[in-house]
Amino acid sequence: MSNLKIESLTSNSLSHYRTRHNFERVGEINSVDDLQEYCNWAKEKEVNIYIIGNGSNTLFVKKNISSLVLKNKLPKYTNPLPDNRLEVSSSVSIMEVLKYCYQNSMNSFYYLASVPATIGGALAMNAGRGRQHGCTIYDFVESVTFFEDGCIKTLENSQIVRDYRETMFTGMHSKLILSAVFKFEQTQFTENPLTSRQVWAKEHQDNTAPNCGSVFKTANYRILEKLKGLSTGKTMFSAKTSNWIITKSQSSYSIIILIKIAQILHFITRQKIVLELITID
Numbered sequence: 000m001s002n003l004k005i006e007s008l009t010s011n012s013l014s015h016y017r018t019r020h021n022f023e024r025v026g027e028i029n030s031v032d033d034l035q036e037y038c039n040w041a042k043e044k045e046v047n048i049y050i051i052g053n054g055s056n057t058l059f060v061k062k063n064i065s066s067l068v069l070k071n072k073l074p075k076y077t078n079p080l081p082d083n084r085l086e087v088s089s090s091v092s093i094m095e096v097l098k099y100c101y102q103n104s105m106n107s108f109y110y111l112a113s114v115p116a117t118i119g120g121a122l123a124m125n126a127g128r129g130r131q132h133g134c135t136i137y138d139f140v141e142s143v144t145f146f147e148d149g150c151i152k153t154l155e156n157s158q159i160v161r162d163y164r165e166t167m168f169t170g171m172h173s174k175l176i177l178s179a180v181f182k183f184e185q186t187q188f189t190e191n192p193l194t195s196r197q198v199w200a201k202e203h204q205d206n207t208a209p210n211c212g213s214v215f216k217t218a219n220y221r222i223l224e225k226l227k228g229l230s231t232g233k234t235m236f237s238a239k240t241s242n243w244i245i246t247k248s249q250s251s252y253s254i255i256i257l258i259k260i261a262q263i264l265h266f267i268t269r270q271k272i273v274l275e276l277i278t279i280d
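In numbering that gives the first Met the number 0, the protein residues as written are 0 to 280.
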């Protein structure tokens, strides 16, 4: 670990819930060599690793976080390729890619314009529209390049195992997505799709307080509808947006309470419920 720095940190900036935690171990990944050294160190110390992008779907569950939290600080780049293809590093934001696509009259995953995630995070969780729409970022993916076990590997779209809001990279923090190649098609716009999505988000999404968007990827929406407006302390199930928890608390404890209530109601009624949030301790 001679070339790497691990520090302790107290912060509320690593999750979009903006809850404050004491992080015992925080580092930055600037290269694949960094990740390999961190993985070796974590294995030796028997410490879990969590790689974070923007923290847009991250819930830290304890006041003191003992996992090694690694910030993705890989160099940002977008590299245009022939035939409307674009190579993008994992640290680039979704919005940067969408702006490029719009400026070059290309179709894209504009429905993700309201998601404050990086490309790496969006690929890891198979970000997309609701289950009923059947649209995800992988509709535009040609290949994904990642680092695992000391090797840089590339998989074609069809080789990447995935399901709704889940991929072979979800929660697998020994795998670091480095970049992806996207394939877009030329199109003509009658309106700005970025502006349209922002208007839609303002109407349908509750951003009156910090949140991480959808809490569950599988749930009974009748139950979630009945939970709208339920609060504890400074935290509540959004009264506006189903399946969202918004909070003004510095603690994640009240978020966990609301999640437990939803889980208990599903257990009692024998309904399936699965978290979309990534929980870290």
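Ideal placement from N, C-alpha and C gives every residue a C-beta, glycine not left out.
Query, Result
"Quick one: measure Cβ to Cβ for ALA112 and GLN187, integer angstroms, because I've assumed they're closer than 8 Å.", "Wrong, their Cβ atoms sit about 19 Å apart, outside the cutoff."
"Measuring CB to CB, does ILE244 end up less than 8 Å from SER251?", "no"
"Go ahead and label ASP33 buried or exposed: buried means 16 or more other beta carbons lie within 10 angstroms of its beta carbon, across all protein chains shown.", "buried"
"When the Cβ atoms of the stretch 51-61 are set against those of the stretch 246-262, are three or more pairs found closer than 8 Å?", "yes"
"Is it buried or exposed for LYS216, if we count other Cβ within 10 angstroms and need 16 for buried?", "buried"
"Sorted by chain position, which residues of the same chain lie with C-beta nearer than 6 Å to TYR110's C-beta, five sequence neighbours on each side aside?", "ARG128"
"By DSSP, does VAL87 sit in helix, in strand, or in coil?", "strand"
"Quick one: using the 10 Å Cβ neighbour count with 16 as the cut-off for buried, is MET0 buried or exposed?", "Confidence is the limiting factor: at MET0 the pLDDT is only 46, short of 50, which leaves the residue's position unreliable and the question unanswerable from this model."
"Measuring alpha carbon to alpha carbon, tell me which residue in ASN103, ILE64, SER92 and LEU67 is nearest ASP82.", "ASN103"
"If you drop the 5 nearest sequence neighbours on each side, which residues of the same chain put their C-beta closer than 6 Å to that of THR234?", "THR246, SER248, SER253 and ILE254"
"Going by beta-carbon coordinates alone, are GLY133 and SER89 separated by less than 8 Å?", "no"
"According to the Cβ coordinates, are ARG84 and LYS152 closer than 8 Å?", "no"
"Residues in the same chain with beta-carbon distance under 8 Å from ASN11, minus the five sequence neighbours each way, listed in chain order, please.", "ARG17, THR18, ARG19, HIS20 and GLN249"
"What does SER67 pair with, by DSSP beta-bridge criteria?", "Going by the sequence as given, residue 67 is Leu instead of Ser. DSSP output for LEU67 lists ARG24 and ILE48 as bridge partner(s)."
"Exposed or buried, HIS203, counting other C-beta atoms within 10 Å across all chains shown (16 or more means buried)?", "exposed"
"Rounded to whole angstroms, what is the Cα-Cα separation between THR169 and VAL143?", "14 Å"
"Can you list, in chain order, the residues of its chain with a C-beta nearer than 7 Å to that of MET105? Leave out the 5 residues immediately preceding and following it.", "ASN83, PHE183, GLU184, GLN185 and THR186"
"How is the alpha helix (DSSP H) around SER253 delimited, first residue to last?", "252-267"
"Within 10 angstroms of its Cβ, does GLU135 collect 16 or more other Cβ (buried), or is it exposed?", "The sequence shown places Thr at residue 135, not Glu. Counting Cβ neighbours within 10 Å, THR135 comes out buried, since at least 16 surround it."
"I need the DSSP call for GLY127, collapsed to helix, strand or coil.", "strand"
"Starting from GLU95 and walking both ways along the alpha helix (DSSP H), at which residues does that stretch end?", "93-102"
"Should the stretch 39-53 be called in touch with the stretch 257-276, which here means at least 3 C-beta pairs below 8 Å?", "no"
"Kindly indicate the opening and closing residues of the alpha helix (DSSP H) around PRO209.", "Segment: none, PRO209 is in no alpha helix (DSSP H) and carries neither H nor E."
"With distance defined between alpha-carbon atoms, name the residue in ASN206, GLU27, GLN262 and GLU23 nearest to LYS62.", "GLU23"
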